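Trainee: Chains as they are written, first to last, in this note's numbering: chain A, 20 to 211; chain B, 2 to 378; chain C, 249 to 469; chain D, 172 to 555. Glycine included, each C-beta is placed from N, C-alpha and C at the ideal position. Since the structure is predicted, the reported quantities are computational estimates derived from the model, not experimental observations. The structure that follows is given in the form of C-alpha cells.
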C-alpha cells in the first residue's frame, strides 16, 4: 500500500521531526508535539481536523546483536542493549479533505514517561489519553483531567505494559493452551 | 343505632374486600393487556397450588404475587426516618379507601331499604373527595423523604409538584358538573344525568377530557409517571420499599385509580346508569364497575403506548394548557346552562373550546415539528 | 430425602402418612402454598452486565416471553426484586457493586449465574480485571452455561429455579434461618480484591501444585 | 445566616451534603441503573433537576480484551471481537479482518465480499432497530417500541444463526473470506426478511416520528455542532446528525461499497431527534444496499487462499469500518510472529462519550438519560 506523502511538509517545517519509514509514522519529540499538532490542523497544512485513534505501545529494553567489521576485516558480534520506550500513537484524518491516516508518534522513555497532551488540539484525545495514562503509565502534560479511567483509583501498576505481572488468581484447570500451561507452571496458585 | 352500624358494615366490608380483590384482577388485566399490546402472551403458566393444573390464563398470578410480597423481608434503611417510613405506605392506602365510600355505588342486595347506597352519602361528597385525595401527596412525599435515598427524594419532589398542580384542573373540571347538577351530592349528580350524561354536552366532554388527563397525573399513571420514572430515578419515591410496604403502595395506587375513575363515572358517565337498570336495579353496580374498567383499560392502553413527559413540560401542560382551558370551560358551561336556545350549545361550545385548545397548544408547542432531511450522495 | 420433598410440595394426594406426621399437615400445606407463591412470582432485578444481558432482555420479548412464568416484572430497585440474574462478565471493578446490590435485596433471594463469564470468567478468565466467577462472592442457585446462553436457556434456568423453590423446606431455608444474608463487600487493593473470595460460599479447589496432574507436560517443561 | 438559609441548610443535610452551601445534589447514576445501558456510571450534580456537572465513570466492564489478544494468535482474537459491541458482531469481525488483511494482503473472493456487505448491513438494521427501541425506553415508553424492535431483530438473528450457527456471537469472518458459505435457501430467506422490513419501518416511523411527546422530549435537547463533533472525534450516525458528511463506506470505500448506490442522510440540528431520525433513515439506505447485494451476489468460493498460519512481517496497520455506532478501527502492530505485538481497538461508542458532559449540562436529569440513549453506547466496546 503506497501512502501519499502527507508527511513531507511536516518534515520540511519541523526539522526535528523524524519519519519512520517502516511504521510509516512521524516521530515527534514531545516538546514539539503541541506545535506540530496545531500546525497540522491548519487548513492549508492538510486540515488534519480529526484525531481518530490514540494509543500507547510499550517496547521493552532488548538486546540487539549486530555484526560489525573490525578494522582487520574479521567480523565481531556486538551485543547492544536498546533502551525500551513507550510510544503514544495518534492516527490523524482529515474530514474536510477526506485524507488520512497520518500517524504521529511521541516516543518517551520507559522510566518516568512524560508526553505532551494533544487534547487541547483534538478533544477526541481526552478519554484515550486518560486510557494510555491508566494502562501504560504515560503522563500527559496539559491534559485537563488526568485520572485512571478503566481501573479503579487504588490500582497500582499499568497492566498493558509488556512486563506487567498479572495477579495469578486462576483456578487450575486442564487446558490445551501452551501459554496457560506455562503460566500455571510458573506462578500457579494463588489461593493457598 | 345498631341497625345503622350493621348497614354501614354491610356496605363498607364489601367495598373494602371487593375493591381489594378487584385490585388483584386489575394487575392481572394490566399485565395481560400490556402483553397483548406488545405481541406477547402474558402470565399463563402458573398452576393452582398443590396441583399441576395449568393455564388458567394466569388468573391466579396476582395471588402468588400477593402471597410472596406478604412474606418478603421488610427492609428499613439504616438512616431512614423509621416512623415516617412505616406510615407512608399506610397513609397512601387510607385516602383512596376512604373516598371509595363516597362513590354512589348501588349495592345489589341493599336496594330494598335504601335507594342510594353509599357508605357515606354526604351532601358535599365531591368536595370531600378532593379534600381526602390530596392527602395522598403527603404520603408520597413522606415516602420520598423518609427513605433517605436521593432517587426517592427526587421522586417525592416531583410527586408534590405534579399532584398539587394537577389538582387545580381536576377540581375546576369537576366544578362544571357541580354547576350543572346544582350540588355536590354524588347521588344527586347521578340523578341529574338521568336525561343526558354530562359527557354528551360540549362543556362536559371538555371537562371529562381534562378530568381524565389530570387524574392520570394525580395517580402517577403514564405518561405522567414521573414520580416513579423507572428509566430516570429507579422507582422514585418507593425505591427503598420492599415486601408488603411496597405492595401497599401498589394497592394504594390502584385503589386511587379506582377512586378517580369512579368519580369520573359519577360526574360524567351517569354513574350506574345503563340499559335494563330500570328493570333490574342490581345491574347498576355492574354498569358502574364496567365503566370504571373501561376507563382503566384506556389508562393501560396509554401506558403501553406513550413515552413520558419531562418535568417542565408536565408542569407547563398543567398551568399553561389545562388550567386556562378548564377556566374557559367554566364560562362555556355557565353560558350553555343559561342559554335560551339549548341547541346552540354544541356548535358554539365546541367551537370556542376547540379553538382555545388549538390556540393554546400552538402557542406552547415550541415549534416541535417533524423535520425533513437532506442526503449526501 | 429429595424425593420425599418432591412429594410434599407437589402432589398432595400422594402424600405419605409418615410425611404428614413428621411435618404436620398444616405446616406442610402452608409450606407448599408459600413455595408455590414465591416460585410462581419470581421478579428479576433489571441488572445487565454484558453481552448476556441482551439475551436476558430478549427472553422478555415477544418471541420468548418470560412473562408466561410470571417473571416479566423486572424491578429496577433491588429492594423489590427476588432474583438477580448475573448476566455477563463480572469485572473486579464491578464485583463490589454486585455484592452490594445482592446485600440490598430482601430475603428470600436467588441468584442465577448466566453465561460462562458469570460462572467462571469464561473466555475472559485470564484477564487481570476479570472475576473468575461470581460464586466466589455470592451463593449461586442456578448456573446457566453458554456464551451467551440463548433466551430459551434463560427460561429453562428460571424453570429449574422454580422447581428448586418448590422443594425448599422452610426450616432449612437460609432465608428464614439466618436473617438477611449479607456478604462482605470486597475492597479494592493495589492489584486485586480483598478478600479474594468469600469462604462462606466458596472454597478454592485443591492446590494444583500438589496435584500430580499432567506429568507429560511437566516433563517437557 | 438567616432563618430561611438555616432551614435550607438543615434540609440539605438530610441528603448528606454538609459541605455544600449551594445545595447541589450529587447523584451517582450507575453502575447499576436501568438507563445506563449496562454498567456505566454518571456522577451527576443536580441543581433541582438540572444537571450542573456530569462525570462519566468507565471501566466496570473492562475485560482486558487488548491484553488477551496480545497473548494469542491473530485468528484467536476473532471471537473476542464479537464480544466488543455485542449487538454488531459481524461488523466487528469485518473491521478486524480488514485490518489483518492489510497486514498480510489476501484476496477476498467475490461472493465473500458480497456476503460481508449483506451481513454488515443486516447488522446495521439490528443495531439501529434495537437502539431506537432502547431510546424510546429511556424516554419512558415502557418497552413497547423495544419489543417491536426486538421482534424484527429476532428475524435477522435467525438469518445469522443459519449462516454462522450463533445468534449473537457469530464469529463468521475469516482473514481472506468467511468461515463457511451460507446454507441453501438462505439468500431467499434473507430476501424475504429484507422485503418485509420496510413495512415494519413504516409502522415504526408512524408510531414514533410524529409523536408529540417524542418531538417535545428530543428536539433541541443535547445539541452538538458539526465542528465540535469532528474535533471530539465523534463518528457514525451521531456525527452525521450534526450535519457532517463523513461515512466511511463512502470515504474509504472498503469492501465493495463503491458498487452500491446509497445516500448518506444528514441532520441539521444535531440534537437527539436528529440522531434518532438519522438512524431510521440509514436503515432505509441499508435496505437499498441489501436489495442490490442480494440481487447481484455471484456464486463461488467464500474463502481465498489464506495461509494456514497467519504470520505477517513486522509492520503496522490501522483498519477501520463504518460500524453502526461509528468508526470502529483496529490498530495492529506485527512483529513477525504469529501473535500481534500490539492490538488496539478504537471503540466508537467510547469516544462518542467524550462530549457527554457538554451535551447534558443545563438539561434535566431526564434529558441526560435520553442524551445518553441517543449516543448509543455498548459497554463491551466502551470498556473493552
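Is the shortest distance between the beta-carbon of residue 132 (chain B) and the beta-carbons of chain D less than 8 angstroms?
Mentor: Judged by the 8 angstroms Cβ criterion, residue 132 (chain B) is not in contact with chain D.
Trainee: I need the straight-line Cα distance from residue 446 (chain D) to residue 349 (chain D), nearest angstrom please.
Mentor: Between residue 446 (chain D) and residue 349 (chain D), the C-alpha separation is close to 33 angstroms.
Trainee: Please confirm whether residue 151 (chain B) has its beta-carbon closer than 8 angstroms to some beta-carbon of chain D.
Mentor: With 8 angstroms as the cut-off, residue 151 (chain B) counts as an interface residue toward chain D.
Trainee: At a CB distance below 9 angstroms, what residues from the segment 367-378 of chain C approach chain A? Give them in sequence order.
Mentor: Residues passing the 9 angstroms Cβ filter: 368, 369, 373, 374, 375, 376 and 377.
Trainee: Residues of chain D with a CB under 9 angstroms from the CB of residue 155 (chain A): which are they?
Mentor: In chain order: nothing, as chain D lies at least about 11 angstroms away.
Trainee: Could you please give the first and the last residue of the uninterrupted alpha helix (DSSP H) stretch that includes residue 404 (chain C)?
Mentor: 399-414 is the extent of the alpha helix (DSSP H) around residue 404 (chain C).
Trainee: Mind listing the chain B neighbours of residue 315 (chain D)? Cutoff is C-beta to C-beta under 7 angstroms, in chain order.
Mentor: Near residue 315 (chain D) (Cβ distances below 7 angstroms), the residues of chain B are 38, 39, 305 and 306.
Trainee: Provide the residue span of the beta strand (DSSP E) that contains residue 199 (chain D), from first to last.
Mentor: Taken as a continuous stretch (DSSP letters only), the beta strand (DSSP E) holding residue 199 (chain D) covers 196-200.
Trainee: Could you tell me whether the segment 138-147 of chain A touches the segment 451-460 of chain D, using the rule of 3 or more Cβ pairs below 8 angstroms?
Mentor: The segment 138-147 of chain A is not in contact with the segment 451-460 of chain D.
Trainee: For residue 489 (chain D), list the residues DSSP reports as bridge partners.
Mentor: Answer by DSSP bridge pairing, in chain order: D:502.
Trainee: Using 8 angstroms as the threshold, is the segment 173-183 of chain B in touch with the segment 318-338 of chain B, meaning 3 or more CB pairs across them?
Mentor: Yes, since at least three Cβ pairs between the segment 173-183 of chain B and the segment 318-338 of chain B fall closer than 8 angstroms, the two stretches touch.
Trainee: Got a sec: which bits of the segment 53-69 of chain A sit with their beta carbon under 8 angstroms from any beta carbon on chain C, in order along the chain?
Mentor: From the segment 53-69 of chain A, no residue has a Cβ closer than 8 angstroms to chain C.
Trainee: Skipping 5 residues on each side, what residues in its chain have a beta carbon closer than 7 angstroms to that of residue 399 (chain C)?
Mentor: 303, 306, 307 and 312.
Trainee: On the three-state DSSP scale, how would you describe residue 113 (chain B)?
Mentor: Note that residue 113 (chain B) has pLDDT 45, beneath the 50 cutoff, so the model's placement of it is unreliable and the number below is only indicative. Looking at residue 113 (chain B) - three-state DSSP - the assignment turns out to be coil, as it is neither helix nor strand.
Trainee: Three-state secondary structure (DSSP) at residue 326 (chain D)?
Mentor: Three-state DSSP puts residue 326 (chain D) in a helix.
Trainee: With a Cβ-Cβ cutoff of 8 angstroms, do residue 436 (chain D) and residue 411 (chain D) count as a contact?
Mentor: Contact: yes.
Trainee: Does the beta-carbon of residue 1 (chain B) have 16 or more other beta-carbons within 10 angstroms, so that it is buried, or is it exposed?
Mentor: Since the first residue shown for chain B is 2 and the last is 378, residue 1 (chain B) is missing from the structure and cannot be characterised.
Trainee: So, is the C-beta of residue 296 (chain C) closer than 8 angstroms to a C-beta in chain D?
Mentor: Yes, residue 296 (chain C) lies at the interface with chain D (some Cβ there is under 8 angstroms from its Cβ).
Trainee: Less than 8 angstroms separating the beta-carbons of residue 537 (chain D) and residue 215 (chain D)?
Mentor: Not in contact: residue 537 (chain D) and residue 215 (chain D) (Cβ atoms no closer than 8 angstroms).
Trainee: Are at least three pairs of beta-carbons, each pair with one atom in the segment 113-121 of chain A and one in the segment 164-180 of chain A, less than 8 angstroms apart?
Mentor: Too few Cβ pairs lie closer than 8 angstroms, so no.
Trainee: Out of D:203, D:376, D:295 and D:261, which one is the CA nearest neighbour of residue 372 (chain B)?
Mentor: When each option's Cα is compared against that of residue 372 (chain B), the closest is D:376.
Trainee: Does the pairing of the segment 269-285 of chain D with the segment 473-485 of chain D give three or more beta-carbon distances under 8 angstroms?
Mentor: Result yes; three or more Cβ-Cβ pairs closer than 8 angstroms.
Trainee: Any idea what DSSP makes of residue 331 (chain D), helix, strand or coil?
Mentor: Correct three-state label for residue 331 (chain D): helix.
Trainee: Leaving out five residues on either side along the sequence, give the residues of the same chain with a beta carbon under 8 angstroms from the beta carbon of residue 52 (chain A).
Mentor: Within the same chain, residue 52 (chain A) has close Cβ partners 123, 125, 134, 135 and 137.
Trainee: With a threshold of 8 angstroms between beta carbons, is residue 374 (chain B) in contact with chain D?
Mentor: Residue 374 (chain B) counts as touching chain D.
Trainee: Considering just the uninterrupted stretch of the alpha helix (DSSP H) at residue 238 (chain D), what are its terminal residues?
Mentor: 236-241 is the extent of the alpha helix (DSSP H) around residue 238 (chain D).
Trainee: Buried or exposed: where does residue 427 (chain C) fall if 16 or more other Cβ atoms within 10 Å of its Cβ makes it buried?
Mentor: Flag for residue 427 (chain C) reads exposed.
Trainee: Count the other C-beta atoms from every protein chain shown that fall within 10 angstroms of the C-beta of residue 533 (chain D), then say buried if there are 16 or more, exposed otherwise.
Mentor: Exposed.
Trainee: Would you list the one or two residues that DSSP bridges to residue 510 (chain D)?
Mentor: Looking at the DSSP assignment, residue 510 (chain D) forms no beta bridge with any residue, so it has no partner.
Trainee: Tell me the DSSP secondary structure of residue 83 (chain A) in three-state form.
Mentor: Looking at residue 83 (chain A) - three-state DSSP - the assignment turns out to be strand.
Trainee: Checking 8 angstroms against the spacing of the C-beta atoms, do residue 85 (chain B) and residue 164 (chain B) come in under that value?
Mentor: In this structure, residue 164 (chain B) does not lie closer than 8 angstroms to residue 85 (chain B) by Cβ.
Trainee: Taking the alpha carbon of residue 378 (chain C) as the point to measure from, which residue in A:130, A:166, A:186 and A:162 has its own alpha carbon closest?
Mentor: Nearest of A:130, A:166, A:186 and A:162 to residue 378 (chain C), Cα basis: A:186.
Trainee: Count Cβ pairs between the segment 22-42 of chain B and the segment 286-304 of chain B that sit closer than 8 angstroms; are there 3 or more?
Mentor: With a cut-off of 8 angstroms, the segment 286-304 of chain B and the segment 22-42 of chain B count as touching, because enough Cβ pairs lie within range.
Trainee: Counting only C-beta atoms, is residue 74 (chain A) closer than 8 angstroms to chain C at any point?
Mentor: Chain C contact via Cβ: absent.
Trainee: When DSSP labels each residue in this structure, what does residue 302 (chain B) get in the three-state scheme?
Mentor: In the structure shown, residue 302 (chain B) sits in a helix (DSSP, three-state: H, G or I).
Trainee: Of all the options C:445, C:330 and C:425, which has the alpha carbon lying nearest to the alpha carbon of residue 66 (chain B)?
Mentor: Comparing Cα-Cα distances from residue 66 (chain B) to each of C:445, C:330 and C:425, the minimum goes to C:330.
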